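So the sequences go chain by chain: V and H.
Residues 1 to 419 in our numbering are what the first sequence lists, from first letter to last.
Residues 1 to 106 in our numbering are what the second sequence lists, from first letter to last.
Glycine included, each C-beta is placed from N, C-alpha and C at the ideal position.
Source: prediction; values computed, not measured.
A short worksheet on the structure shown next.
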Amino acid sequence: MAGKETDLLIVGASQSGVQLAISLRALGFEGHIKLLGDEDHRPYQRPALSKEFLQGTVESESLIFRSNDYWDEHNVTLVKGARIVRVEKGADGSGVAHAASGESFAFKRLALTVGARARHMDVPGGDLAGVVYLRNADDALNLKRIAPEATDVVVVGGGFIGLEAASSMHKMGKRVTVLEYGPRLVGRAVGTDTSEYFLDAHRGRGIDIRLNARIARLVDSGEGAVSGVELEEGTVVPAQIVLIGIGVIPNTELAEQMGLAVENGVVVDSNALASDGTTVAVGDVANMPNPLPGAPAGERIRLESVNNAIEHAKVAAYSLMGRREDYAGIPWFWSNQADLKLQIAGLSLGYDSTVVRRDDERGKFSVLYYRGGQVIAVDCVNTPLDFMAVKSALAKGQNIPAGAAADPAVALKSITTDA
Amino acid sequence: MPTVHFTDTAGTVRDIEGNVGDSVMETAVRNGVPGIVAECGGSLSCATCHVFVRDDDFAALPPMEDMEDEMLYGTAVDREDNSRLSCQLRLHEGQELHVTTPETQV
Ligand SMILES: Cc1cc2nc3c(=O)[nH]c(=O)nc-3n(C[C@H](O)[C@H](O)[C@H](O)COP(=O)(O)OP(=O)(O)OC[C@H]3O[C@@H](n4cnc5c(N)ncnc54)[C@H](O)[C@@H]3O)c2cc1C
Ligand code: FES
Numbered sequence: 001m002a003g004k005e006t007d008l009l010i011v012g013a014s015q016s017g018v019q020l021a022i023s024l025r026a027l028g029f030e031g032h033i034k035l036l037g038d039e040d041h042r043p044y045q046r047p048a049l050s051k052e053f054l055q056g057t058v059e060s061e062s063l064i065f066r067s068n069d070y071w072d073e074h075n076v077t078l079v080k081g082a083r084i085v086r087v088e089k090g091a092d093g094s095g096v097a098h099a100a101s102g103e104s105f106a107f108k109r110l111a112l113t114v115g116a117r118a119r120h121m122d123v124p125g126g127d128l129a130g131v132v133y134l135r136n137a138d139d140a141l142n143l144k145r146i147a148p149e150a151t152d153v154v155v156v157g158g159g160f161i162g163l164e165a166a167s168s169m170h171k172m173g174k175r176v177t178v179l180e181y182g183p184r185l186v187g188r189a190v191g192t193d194t195s196e197y198f199l200d201a202h203r204g205r206g207i208d209i210r211l212n213a214r215i216a217r218l219v220d221s222g223e224g225a226v227s228g229v230e231l232e233e234g235t236v237v238p239a240q241i242v243l244i245g246i247g248v249i250p251n252t253e254l255a256e257q258m259g260l261a262v263e264n265g266v267v268v269d270s271n272a273l274a275s276d277g278t279t280v281a282v283g284d285v286a287n288m289p290n291p292l293p294g295a296p297a298g299e300r301i302r303l304e305s306v307n308n309a310i311e312h313a314k315v316a317a318y319s320l321m322g323r324r325e326d327y328a329g330i331p332w333f334w335s336n337q338a339d340l341k342l343q344i345a346g347l348s349l350g351y352d353s354t355v356v357r358r359d360d361e362r363g364k365f366s367v368l369y370y371r372g373g374q375v376i377a378v379d380c381v382n383t384p385l386d387f388m389a390v391k392s393a394l395a396k397g398q399n400i401p402a403g404a405a406a407d408p409a410v411a412l413k414s415i416t417t418d419a
Numbered sequence: 001m002p003t004v005h006f007t008d009t010a011g012t013v014r015d016i017e018g019n020v021g022d023s024v025m026e027t028a029v030r031n032g033v034p035g036i037v038a039e040c041g042g043s044l045s046c047a048t049c050h051v052f053v054r055d056d057d058f059a060a061l062p063p064m065e066d067m068e069d070e071m072l073y074g075t076a077v078d079r080e081d082n083s084r085l086s087c088q089l090r091l092h093e094g095q096e097l098h099v100t101t102p103e104t105q106v
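Dropping the structure here:
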């Protein structure tokens, strides 16, 4: 890797790493950037993997972030298929990253945008053929390859990715069962009202959802492939594909090896700087101060979303340029499940009450979350107007009083007040 | 090949050749046209791919669905009569499309 000296080495070439490179160029960073990742694909967008790409409505080419020409023109070198296993770093921030292949990459500054990986399920039969995960393009290509043969699919885990994949597989004509360990769907990210709504909606559309499901083992067809999932009470749910979506684990190994503070992700300050004060960590791998305006000081969060990867990368880009800029904008998220279009604005962390707006005739549903009387988040299903109203109110430091919000006929925008 | 002519608020024009079937948003983003953010990658969830379409071109576009219409009420720069979300505009053979990008998308 002689030739251009790398000023910034970005380890992890996905949503965060790509945005960091783009933002640095937009800010006028002139040094050479190496954007390195362990996957064999050009950097691509993940969200469609469980949705449009799985269903075959978009091509893989559409998922690519930027053309090769773009990277060339912006003096960014892409390195594919390189897995960094060890980093040596000095106090000034410079160092050398060593790849599994034996190759090494010198840098003046380092960015860790290594994201997260699918949490593996430790269960008898867990390594049978047909037991799959869905985190990257290879996973999705594999799932698409084996899908045509399957009639029955079990999805383990009723979180966003599980429900998206379940909806996609159902649309592809499979009999789909979702086995959720907890008492409700998407328990980690939404409140009980939204969980209930999704439960009814998915059941109504023909997906079999079982809550509080206890899996005993995955059953072998006799030929090393999975044929079903046996529950502790003894029933076996048939499945030729078992898709496990039980969350992710942040890839903190490099940070640990470097001696950086790690706690549910790489601990960073509000400028995306890790505990050494020079390395930046961004996106799914980073544990950062709650960025919602008005959040209690000291409260921390690790977000797994495209929006966060983008906004956090912008903060890190400023930081690498020696500027201190706050996280801009209101965190938001989306998840498309069949005809259910969920949009979440804000962060419901610490909420103490909710207001539900529901109009079943028009298929609209939203839940506003409040903390001490101030709206802090909203979950919206097929109600972009509510989503936009809350996002904009949060951005402007306004409030939407709970009392008036309960009437779904009232436009939230019309009752927004200066807090 | 279809061509999209992107004009930014400063008046700079970029002519980008696209592929039939691709969206205007994809054509912009892959080539790094500033002024289109497209956080959701075309999922009709973010409204950060807002464009103003030249009036004669606008009239020739297929009408928008309710969801796009509602999303347009949340764009960073207020919508106008010729506003569309560019991820919903698919290019067809020989098309010449003139769009202006708003000052900001977020
Ligand atoms: C199927 C699916 C659907 C999703 N849908 C949505 C959605 O609808 N909306 C939404 O907002 N978000 C969604 N997300 C989440 C979103 O994609 C992530 O939040 C985002 O990709 C995080 O970006 P990141 O760059 O921080 O991490 P990642 O995307 O995880 O990228 C990290 C990269 O680093 C690489 N890497 C890791 N370790 C090393 C190493 N040691 N050396 C070299 N490379 C390494 C990884 O292979 C990977 O390519 C979805 C995710 C998945 C998987
Ligand atoms: S790209 Fe998100 S709405 Fe068009």
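Count the other CB atoms, across all protein chains shown, that sit within 10 Å of the CB of residue i; report buried if there are 16 or more and exposed otherwise.
i: V:I161; result: buried
i: V:L8; result: buried
i: H:G42; result: buried
i: V:H202; result: buried
i: V:D359; result: exposed
i: V:E73; result: exposed
i: V:V268; result: buried
i: V:I249; result: exposed
i: H:G115; result: Shown here, chain H extends from 1 to 106; a query on residue 115 of chain H therefore has no answer.
i: V:S319; result: buried
i: V:G298; result: exposed
i: H:L89; result: buried
i: V:G393; result: Correcting the residue identity first, residue 393 of chain V is Ala in this sequence and not Gly. By the 10 Å Cβ count, V:A393 comes out buried.
i: V:A100; result: exposed
i: H:G32; result: buried
i: V:H170; result: buried
Apart from the five residues just before and just after residue i, which ones in its own chain have a Cβ nearer than 6 Å to its Cβ?
i: V:K314; result: S23
i: V:A2; result: Below a pLDDT of 50, predicted positions are generally treated as unreliable, and V:A2, at 40, falls in that range; no measurement from the model is reported.
i: H:D57; result: L97 and H98
i: V:W334; result: Q343
i: V:K341; result: N382
Under DSSP, the alpha helix (DSSP H) around residue i begins and ends at which residues?
i: V:Y197; result: T192 to G204
i: H:D56; result: D55 to A59
i: V:M321; result: Looking at the DSSP string, V:M321 is not in any alpha helix (DSSP H), and its letter there is neither H nor E.
i: V:E88; result: V:E88 -> not in any alpha helix (DSSP H); beta strand (DSSP E) instead, spanning I84 to K89.
i: V:Y369; result: Unbroken run through V:Y369 is the beta strand (DSSP E), K364 to R371; no alpha helix (DSSP H).
i: V:N53; result: Here residue 53 of chain V is Phe; the residue named in the question, Asn, does not match the sequence. Element bounds for V:F53: E52 to Q55.
i: V:F387; result: P384 to A395
i: V:I22; result: Q15 to A26
i: H:V29; result: V24 to R30
Which residue marks the beginning of the beta strand (DSSP E) containing residue i, and which one marks its end?
i: V:H170; result: Element bounds for V:H170: not the beta strand (DSSP E) but the alpha helix (DSSP H), F160 to K171.
i: V:P238; result: V236 to P238
i: V:D379; result: Q374 to V381
i: V:I179; result: It is worth fixing the name first, because residue 179 of chain V is Leu in this sequence and not Ile. Taken as a continuous stretch (DSSP letters only), the beta strand (DSSP E) holding V:L179 covers R175 to L179.
i: V:M288; result: A286 to P289
i: V:D360; result: Looking at the DSSP string, V:D360 is not in any beta strand (DSSP E), and its letter there is neither H nor E.
i: H:T3; result: T3 to T7
i: V:I241; result: I241 to I244
i: V:I344; result: L340 to G346
i: V:Q337; result: W332 to Q337
Skipping 5 residues on each side, what residues in its chain have a beta carbon closer than 7 Å to that of residue i?
i: H:D81; result: none
i: V:D122; result: none
i: H:V20; result: P2, L91, H92 and E93
i: V:L491; result: With chain V covering only 1 through 419, there is no way to say anything about residue 491 of chain V.
Below 8 Å on the Cβ atoms is my contact criterion, and I expect residue i with residue j to pass it. Report the Cβ-Cβ distance as a whole number of Å.
i: V:L134; j: V:G245; result: 6 Å
i: H:E39; j: V:V306; result: 6 Å
i: V:Q257; j: V:R86; result: 6 Å
i: V:T113; j: V:V11; result: 7 Å
i: H:H50; j: H:T75; result: 4 Å
Once the 5 residues before and after residue i are set aside, which same chain residues still bring their CB inside 8 Å of it?
i: V:S195; result: R184, L185, V186 and G187
i: V:I400; result: L368, V375, A389, V390, A393, L412, I415, T416 and T417
i: H:V13; result: H5, F6 and T7
i: V:I450; result: The shown model of chain V, from 1 to 419, leaves out residue 450 of chain V, and the question about it has no answer.
Please find out if some non-hydrogen atom of ligand 3 comes closer than 7 Å to the beta-carbon of residue i.
i: V:N251; result: Here the bound small molecules are ligand 1 and ligand 2; ligand 3 is not part of this structure.
Residues from the segment 57–75 of chain H in contact with chain V, defined by Cβ distance under 7 Å: Correct list: M67, E70, M71, Y73 and G74.
Along the segment 16–34 of chain H, where does the CB come closer than 7 Å to a CB of chain V? Name the residues. Of all residues in the segment 16–34 of chain H, E26, R30, N31 and G32 have a Cβ within less than 7 Å of some Cβ in chain V.
Along the segment 236–251 of chain V, what residues have a CB closer than 8 Å to any CB found in chain H? Answer set for the segment 236–251 of chain V: empty.
Compile a chain-ordered list of the residues in the segment 397–409 of chain V whose CB is closer than 9 Å to at least one CB of chain H. Closer than 9 Å at the C-beta level to chain H, one finds no residue of the segment 397–409 of chain V.
The segment 374–386 of chain V: which residues have C-beta closer than 9 Å to a C-beta of chain H, in chain order? Only those residues of the segment 374–386 of chain V whose C-beta falls short of 9 Å from the nearest C-beta of chain H are listed: N382, T383, P384 and L385.
Short of 7 Å Cβ to Cβ, which residues in the segment 289–318 of chain V face chain H? So the close ones are V306, N307 and I310.
Interface residues of the segment 80–102 of chain H facing chain V [CB-CB below 7 Å]: Cβ contacts with chain V come from no residue of the segment 80–102 of chain H.
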